[in-house]
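Colleague: Letter 97 of the sequence shown, counting from 1, is numbered 105 in the numbering used here, and no numbers are missing. Built from N, CA and C at the ideal position, the CB exists for glycine as well.
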Amino acid sequence: MEINEIKSYMKKNKITYEILSERSGISLSAIKKIFSGQARYPRIDTMQAIEHALGLDEKVYEWYTLTQQENELVTEFRKLVPAMREFILDSVKKLNATQGGDRQ
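Below you can see the structure in the form of structure tokens.
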């Protein structure tokens, strides 16, 4: 769920950041950073905790739950400048194509 959707839900249901912090176990400062856009790429487990605290986590998707290695890869990928991200993504696609695509 997108941050703006969560904000809208919170406003509609009169849920403050303080209440969300208490319900989710996430610090108030972290919540403020996420919702202000200061934390551009919050961790998936943090967002899951927020959604769970608000009761918005009914749909669980397999792709949404990453392994530790996948989380590490995403974290490192996000540190790259945009040009490097494109290079890495293109390289991974080429590697997948050479080994038959969708094998896991």
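1) Under 8 Å by Cβ, that's how I've got tyrosine 25 and lysine 40 pegged, so tell me the actual separation to the nearest angstrom.
2) Give the DSSP-derived three-state secondary structure of isoleucine 23 in the structure shown.
3) Give the C-beta separation of serine 28 and isoleucine 58 to the nearest angstrom, bearing in mind that I take them to be a contact with Cβ-Cβ under 8 Å.
4) What is the C-beta distance between isoleucine 23 and isoleucine 42, in whole angstroms, given that I count them as a contact (C-beta under 8 Å)?
5) Whole angstroms is fine: what's the gap from threonine 54's alpha carbon to arginine 31's?
6) What did DSSP end up calling serine 99 once you bin it into helix, strand or coil?
7) Where does tyrosine 17 fall in DSSP's three states?
Modeller: To lay it out plainly:
1) 6 Å
2) Collapsing the DSSP output to three states places isoleucine 23 in coil.
3) At residue 28 the sequence reads leucine, which differs from the serine that was named. Correct: roughly 7 Å between the Cβ atoms.
4) The pair is not a contact, with the Cβ atoms about 14 Å apart (cut-off 8 Å).
5) 12 Å
6) helix
7) Three-state DSSP puts tyrosine 17 in a helix.
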